[in-house]
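**Q** Heads up, the sequence shown is in the numbering used here, so the first residue is 659 and it goes up one at a time.
We put the CB at the ideal spot given by N, CA and C, even for glycine.
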Amino acid sequence: MDRTAYKNQHCREHYDRIYLTIPKGEKERVRAAASALGMSVNEYLYALVCDDQAAGGKPIRKEETGL
659 MDRTAYKNQH CREHYDRIYL TIPKGEKERV RAAASALGMS VNEYLYALVC
709 DDQAAGGKPI RKEETGL
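Quick look at the structure:
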């Protein structure tokens, strides 16, 4: 097994993937917010989800997000 195949297999076995679609232009805002905290976009989004869950976040309705 070559190096790339090994890394792909490792990722499949140890990580779940979530695809996120956001409105055009928002990606740069998210990237800037993450960068300001010294985090990758992935780290930033994961931290937001973890913080929300730890705080016992209530379910968000679509009307509340403005999306």
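Between the Cα of K685 and the Cα atoms of D709, R675, S698, which residue gives the shortest distance?
**A** Counting from one through the sequence shown, the residue named residue 685 turns up at place 27. When only C-alpha atoms are compared, the closest one is S698.
**Q** Distance, Cα to Cα, A694 vs Y702?
**A** Here residue 694 refers to the residue found at position 36 when the sequence shown is read from its first residue. Here residue 702 refers to the residue found at position 44 when the sequence shown is read from its first residue. Rounded to whole angstroms, A694 to Y702 spans 10 Å at the Cα level.
**Q** Between which residues of its own chain and V688 is the CB-CB distance below 8 Å, once the five residues before and five after are set aside?
**A** Reading the sequence shown from its first residue, position 30 is the one you call residue 688. The beta carbon of V688 sits closer than 8 Å to the beta carbons of I680, V699, Y702, L703 from its chain, once the five residues preceding and following it are set aside; these are given in chain order.
**Q** For A694, which three-state DSSP category applies?
**A** Position 36 of the sequence shown, counted from the start, is the residue given in the question as residue 694. Reduced to three states, the DSSP call for A694 is helix.
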